[in-house]
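Colleague: Structure incoming, see below.
This is how it looks when you write it as structure tokens:
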């Protein structure tokens, strides 16, 4: 009823005729995401007991002053109908458990934190219990890693070869590729709120987005992907397509309205509304950097670096309105000397432009390094909406990247 009311009001005030790109009709279709145990079927007491148990394991370690634990889980039930005859029913579940440890240096008053690297996924409560992610081992490792981080030297600013772990690189993909290749944004439709894009439509097929090793896909079918669906919110079936091929921009994320306006043929299924009271807008697919089929392991990539830095985990970031100038920090940074890790560093951020950064990618890891990360909530549009999205990627090496010392940059 709420969705019909929004459509009725919108029709009365709309001044432009809405025309949609064609799509086959799906008259009676059902899809359920790939999960085993609905978290809403698990008693709250049982869920709390497991989270408390894991938190107490972390809290019991020497030097851990405080532990923050949360577990977000969503069950989305959606019915879609249109005048062409499509009728779809979908159910998808997603979850994101997260544990953060905090330590305080009593002498200086400084503090450091570190959290688990487990990504949000399109799975159920089994994510915490079936062994697919080794929670207890990771929690056991965090205290020592945190102690090492507090004693680590501050980085010397300069240029370094940068090995980026998937637990960090997914966010760089999200900000510098995912948002930049949303067609509505590239056409200026988000200029009043979230910005535009340097990857404008006149550059399609010619823009050298990155090195020839760079292959990026949009995908609404990836197993356990947060943006995976049977059909989008315009009744378009989930599919996979190229966004960057051999380093060149070759595609965008589009919905049916944008596909029709630009004469692009079929939509690739990127329409989403986060509630019946919101109009569907173009949202991000699972945008992923593909691994090299015979690419090296993370250890082998590090082994080939004489002087560099290895970054693990995401933290803060900043990027301009055109998705071009950016900087990112991380959970942990390690010095690389002669192909070996030589201890952690502090106060590190890497800075680049989008095309310079991806153009400097000289090694792409193999499938064994590939991890599907993601964002549980990504904001867009006015009124604001949130959507979940995954980003898969392997470990990768970027040459001669600018490294900042964040303390020096802050003038402290």
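In the working numbering, the protein residues as written are 51 to 462. By construction, the Cβ of each residue, glycine as well, lies at the ideal position given by its N, Cα and C atoms. This structure is a prediction, so every number in the text was calculated from the model and none was measured.
Which residues in the same chain as residue 200 place their Cβ atom closer than 7 angstroms to its Cβ, once the five residues preceding and following it in sequence are excluded?
Modeller: The answer, listed in chain order, is 153, 155 and 162.
Colleague: In its own chain, which residues sit with a C-beta less than 7 angstroms from the C-beta of residue 295, not counting the 5 before and 5 after it?
Modeller: The residues are 265.
Colleague: Between the alpha carbons of residue 345 and residue 132, how many angstroms are there, rounded?
Modeller: Computed Cα separation, rounded: 45 angstroms.
Colleague: Three or more C-beta pairs closer than 8 angstroms, one from the stretch 286 to 293 and one from the stretch 51 to 59: is that the case here?
Modeller: At 8 angstroms Cβ cutoff, the stretches do not touch.
Colleague: Report all residues from its chain with a CB closer than 7 angstroms to the CB of residue 149; omit the five preceding and five following residues, and keep chain order.
Modeller: Around residue 149: 104, 105, 108, 117, 119, 165, 166 and 189.
Colleague: On the criterion of 16 or more Cβ atoms from any shown chain inside 10 Å, does residue 432 qualify as buried, or is it exposed?
Modeller: By the 10 Å Cβ count, residue 432 comes out exposed.
Colleague: Answer yes if the stretch 361 to 368 comes into contact with the stretch 316 to 331, meaning at least three C-beta pairs across the two stretches below 8 angstroms, and no otherwise.
Modeller: The answer is no - the stretch 361 to 368 does not touch the stretch 316 to 331, with fewer than three Cβ pairs under 8 angstroms.
Colleague: Over the uninterrupted alpha helix (DSSP H) stretch that includes residue 58, give me the two end residues.
Modeller: Segment 52 to 63, the alpha helix (DSSP H) holding residue 58.
Colleague: So for residue 235, helix, strand or coil by DSSP?
Modeller: Helix, per DSSP.
Colleague: Measure the alpha-carbon distance for residue 446 versus residue 60 and round it to whole angstroms.
Modeller: In a straight line, the C-alpha of residue 446 is about 46 angstroms away from that of residue 60.
Colleague: Determine the contact status of residue 389 and residue 354, defining contact as a CB-CB distance below 8 angstroms.
Modeller: Closer than 8 angstroms, so yes.
Colleague: Would you mind working out which of 411, 337, 209 and 462 sits nearest residue 262, comparing C-alpha positions?
Modeller: Nearest C-alpha to residue 262: 411.
Colleague: Start and end of the alpha helix (DSSP H) containing residue 424?
Modeller: Per DSSP, residue 424 belongs to no alpha helix (DSSP H); it is in the beta strand (DSSP E), 421 to 430.
Colleague: Do residue 205 and residue 396 have their C-beta atoms within less than 8 angstroms of each other?
Modeller: Closer than 8 angstroms, so yes.
Colleague: Out of 250, 298 and 227, point me to the one whose CA is closest to residue 256's CA.
Modeller: Taking only the C-alpha atoms, the option nearest residue 256 is 298.
Colleague: Compute the Euclidean distance between the alpha carbons of residue 342 and residue 243, then round it to the nearest angstrom.
Modeller: If you take the alpha carbons of residue 342 and residue 243, they lie about 37 angstroms apart.
Colleague: Run through the DSSP bridge pairs and tell me what residue 122 is partnered with.
Modeller: In the DSSP output, where bridge partners are listed per residue, residue 122 has 146.
Colleague: Helix, strand or coil, according to DSSP, for residue 375 in the structure here?
Modeller: Three-state DSSP puts residue 375 in a strand.
Colleague: Alpha helix (DSSP H) containing residue 218: first to last residue?
Modeller: Where residue 218 is concerned, the enclosing alpha helix (DSSP H) stretches over 216 to 223.
Colleague: Assuming residue 408 and residue 259 are in contact, meaning their beta carbons sit under 8 angstroms apart, how far apart are those beta carbons, in whole angstroms?
Modeller: That belief holds up - the Cβ atoms of residue 408 and residue 259 are roughly 6 angstroms apart, short of 8 angstroms.
Colleague: Short of 6 angstroms in beta carbon distance, which residues of its chain neighbour residue 127, apart from the five on each side in sequence? Order them along the chain.
Modeller: The answer, listed in chain order, is 141.
Colleague: Let me know the secondary structure DSSP gives residue 355 once reduced to three states.
Modeller: Here residue 355 sits in coil by DSSP.
Colleague: Please state whether the Cβ-Cβ distance between residue 320 and residue 303 is less than 8 angstroms.
Modeller: Closer than 8 angstroms, so yes.
Colleague: Quick one: using the 10 Å Cβ neighbour count with 16 as the cut-off for buried, is residue 159 buried or exposed?
Modeller: When all chains shown are included, residue 159 counts as exposed.
Colleague: For the putative contact between residue 358 and residue 210, defined by C-beta atoms under 8 angstroms, what is the C-beta separation to the nearest angstrom?
Modeller: Yes, they are in contact, since the Cβ atoms of residue 358 and residue 210 sit about 5 angstroms apart, within 8 angstroms.
Colleague: Can you look up residue 366 in the DSSP assignment and give me helix, strand or coil?
Modeller: Strand, per DSSP.
Colleague: Per DSSP, what kind of secondary structure is residue 304 in: helix, strand or coil?
Modeller: Correct three-state label for residue 304: coil.
Colleague: Determine whether the beta carbon atoms of residue 430 and residue 331 lie at a separation below 8 angstroms.
Modeller: Yes. Within cutoff.
Colleague: Give me the Cα-Cα distance between residue 70 and residue 233, rounded to the nearest whole angstrom.
Modeller: Approximately 15 angstroms, taken between the alpha carbons.
Colleague: Do residue 376 and residue 277 have their C-beta atoms closer together than 8 angstroms?
Modeller: Not closer than 8 angstroms, so no.
Colleague: Please report how far the alpha carbon of residue 435 lies from the alpha carbon of residue 317, in whole angstroms.
Modeller: Their backbone Cα atoms lie some 21 angstroms apart in a straight line.
Colleague: Counting only runs that start and end within the stretch 60 to 116, where is the alpha helix (DSSP H) found for 4 or more residues in a row?
Modeller: Runs of the alpha helix (DSSP H) inside the stretch 60 to 116: 94 to 109.
Colleague: Please identify the residue among 202, 385, 193 and 272 whose C-alpha is closest to the C-alpha of residue 83.
Modeller: The candidate whose alpha carbon is nearest that of residue 83 is 272.
Colleague: Measure from the alpha carbon of residue 125 to the alpha carbon of each residue in 146, 293 and 268, then state which is nearest.
Modeller: Out of 146, 293 and 268, 146 has the C-alpha closest to the C-alpha of residue 125.
Colleague: If you compare alpha carbons, which of 68, 129, 65 and 203 is closest to residue 76?
Modeller: Looking at the Cα atoms, 129 is the closest of the given residues.
Colleague: Skipping 5 residues on each side, what residues in its chain have a beta carbon closer than 6 angstroms to that of residue 454?
Modeller: So the list reads 207, 399 and 401, once near-sequence residues are dropped.
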